Amino acid sequence: MNKKLLALTLSGALAVSMLAGCGGSSNGGDTSTSTDTKADTTEASGAEGSVYYLNFKPEQDQQWQDLAKAYTDETGVPVTVVTAASGNYETTLMSEMGKSGAPTLFQVNGPVGLANWKDYCYDLAGSDIYGQLTSDNYALKEDDTVYGIAYVIESYGLIVNKTLLEKAGYTIDDIQSFADLKKVAEDITARSSELGFAAFTSAGMDGSSDWRFKTHLANLPIYFEYQTDGISSTDAIKGTYLDNYRDMWDLYINNSTCDPKELSAKTGDDSRNEFLAGDAVFFQNGSWEYANLTGDGGYTDDDLAMIPIYIGAGDEANQGLCTGTENYWCVNNQADEADIKATLDFMNWCVTSELGTKTMAEDMGFVIPFKGAQESKNLFVKQDAEYTAEGKTPVSWNFTTMPSEEWKNGVGQALTAYAADQTDANWAGVVSAFVDGWATEYQMANGQ
């Protein structure tokens, strides 16, 4: 494990806010900080222990800062929230764990991520928060040891501007398969000058957006291969449904707000802002985007819907949204005993207190797998429940079995190259990154 704690040079990898005592969130100035500040605030407050949470989700950064401040105000326990930049969590975690005052609360994405950090995970069996789980299915366990606890269940799919879709002459009832989606998208493209909008937002491939396609979209061919083969993981993906992956990628990049050659520089903000501006009908993203789309004079629930990502595989008539988690809280067993206790108390407060559960449900838009969870007002969360109630099968999150971050990066780079020059040879590069890269990275990750 020592190799994982080598100091790494990180450029712009942290979006940091310190919240301790009566402090507040950052105000747009220098957001960098030292973990030495955390130790200083602990002494100043006189509290027993402190919490340093390395947050994975940039889209909920401010909500975590606010919740941490509220906890500090209520208990006097200093809480530091550091949010890793999109796509940089593992690198940031490696760097931070090598410092004094390392994170006391961090996360892994599932069994693959746990393999890297198991030696640093405090056993949560018997903890209050473990007792709050609604099911052991949301715990990362081996035998009787609980290494991590899922804290959010999320869904993603195609977010639809229903108003624009209707202007184009369609409703979401017209889209029940990939063939339906292709027909609608290509018709919108053919009439885009007349309509004044595109089918899809830009499929940005910079680090703030590429995860939507090298991970979330890539989940679909993996899911259907696993379903066909009756497995839940593999050391060698076959690529059975990569033609479907290509069809969907082609649809995205050739029916969007920009030329495919521009995608390497397009960001997640670009895609969201295009959708907010009414420049496109479809936006691949998840339930975590709800607050961004509806806040401050944005859309109403009547304007929006989320539909499944159809790729022309499986039983499309009974396909639901992609629903699951890659967010498991772990407590650093190398931390001081007082900090471990403070961290466990903070975690439990988040999922049991009125303010904690309300913030996670309403402000963060989370469905949390704990007994005290409040019902989310998030439209996309409700639609996932409706799909399930109708008997549709959610697409599970199998990207937790992807062998490494490097594998994802290889797929992303190949997708970007293909988008700029859509030849069979360049798609062969995507297939190689997907299939050959999987085998190589799996072997490296497992010491084979």
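Those letters in the sequence shown? Residues -20 to -1, 1 to 428, by mature numbering (1 follows the signal peptide of the UniProt record, and there is no 0). In this text, a Cβ means the ideal position worked out from N, Cα and C, and glycines have one as well. Here the structure is a predicted model, which means the values were calculated and not measured.
- Of V88, L47, E122, P374, the smallest CA-CA separation from D103 is found for E122.
- Listed in chain order, the alpha helix (DSSP H) elements of length 4 or more contained wholly in the region 177 to 211 are 199 to 209.
- Cα atoms of E421 and L301: separation of roughly 29 Å, rounded to the nearest angstrom.
- Just so you know, the alpha carbons of T208 and N68 end up roughly 33 Å apart.
- In this structure T403 is exposed. Its beta-carbon is surrounded by fewer than 16 other beta-carbon atoms within 10 angstroms.
- Comparing alpha carbon positions, the residue from Q43, F36, N35 closest to G345 is Q43.
- Pairing V57 with Y203 gives a Cβ-Cβ distance that is not under 8 Å.
- For the pair T303 and S135, the CB atoms are nearer than the 8 Å cut-off.
- Assignment of beta strand (DSSP E) within the region 252 to 303, counting only whole runs of 3 or more residues, yields 260 to 266, 284 to 287 in chain order.
- Its Cα nearest to that of G149, the residue A165 stands out among G137, D108, A165.
- For L222, the three-state secondary structure derived from DSSP is helix.
- Residue burial is scored here from C-beta neighbours: T380 has at least 16 other C-beta atoms within 10 angstroms and is therefore classed as buried.
- With a cutoff of 8 Å on beta-carbon distance, M185 and L243 are scored as near each other.
- Judged by their CB atoms, F262 and L138 are nearer to each other than the 8 Å cut-off.
- The beta-carbon separation of Y33 and V59, rounded to 7 Å, stays under the 8 Å limit for a contact.
- Cβ contact annotation for L359 (same chain, cutoff 7 Å, sequence separation greater than five): Y270, D281, L284, in chain order.
- Close CB contacts of E28 within its chain, under the 6 Å cut and outside five residues either way in sequence, are with A318 (chain order).
- Judged by DSSP in its simplified three-state form, V31 adopts strand.
- Here the alpha carbons of W191 and D364 stand approximately 21 Å from one another.
- The way I'd put it, the region 75 to 86 doesn't touch the region 44 to 51; fewer than three beta-carbon pairs between them come closer than 8 Å.
- Contact between the region 229 to 236 and the region 104 to 113 is absent, with fewer than three C-beta pairs closer than 8 Å.
- D41 is not a Cβ neighbour of T72, given a cutoff of 8 Å.
- Rounded to whole angstroms, I155 and L161 show a C-alpha spacing of 6 Å.
- In its chain, beyond the 5 residues on either side, F36, Q87, A130, Y131, V132 have a beta carbon closer than 7 Å to the beta carbon of N307.
- Boundaries of the alpha helix (DSSP H) around L359: 359 to 369.
- The C-alpha of V411 lies about 36 Å from the C-alpha of D116.
- Taken through DSSP and simplified to helix, strand or coil, E122 comes out as strand.
- Only buried fits G128, as 16 or more other CB atoms lie within 10 angstroms of its CB.
- Membership of G390 in the alpha helix (DSSP H) is indicated by the continuous run 385 to 400.
- Taking the C-beta atoms as reference points, A413 is found nearer than 8 Å to G390.
- E296 and S182 do not touch by the CB rule: their CB atoms are close to 26 Å apart, not below 8 Å.
- Secondary structure of C330 (DSSP, three-state): helix.
- In this structure, S267 keeps its C-beta atom at 8 Å or more from the C-beta atom of S189.
- Residue state for P374 is assigned as strand, using DSSP reduced to three classes.
- In the structure shown, L231 adopts helical secondary structure according to DSSP, grouped into three states.
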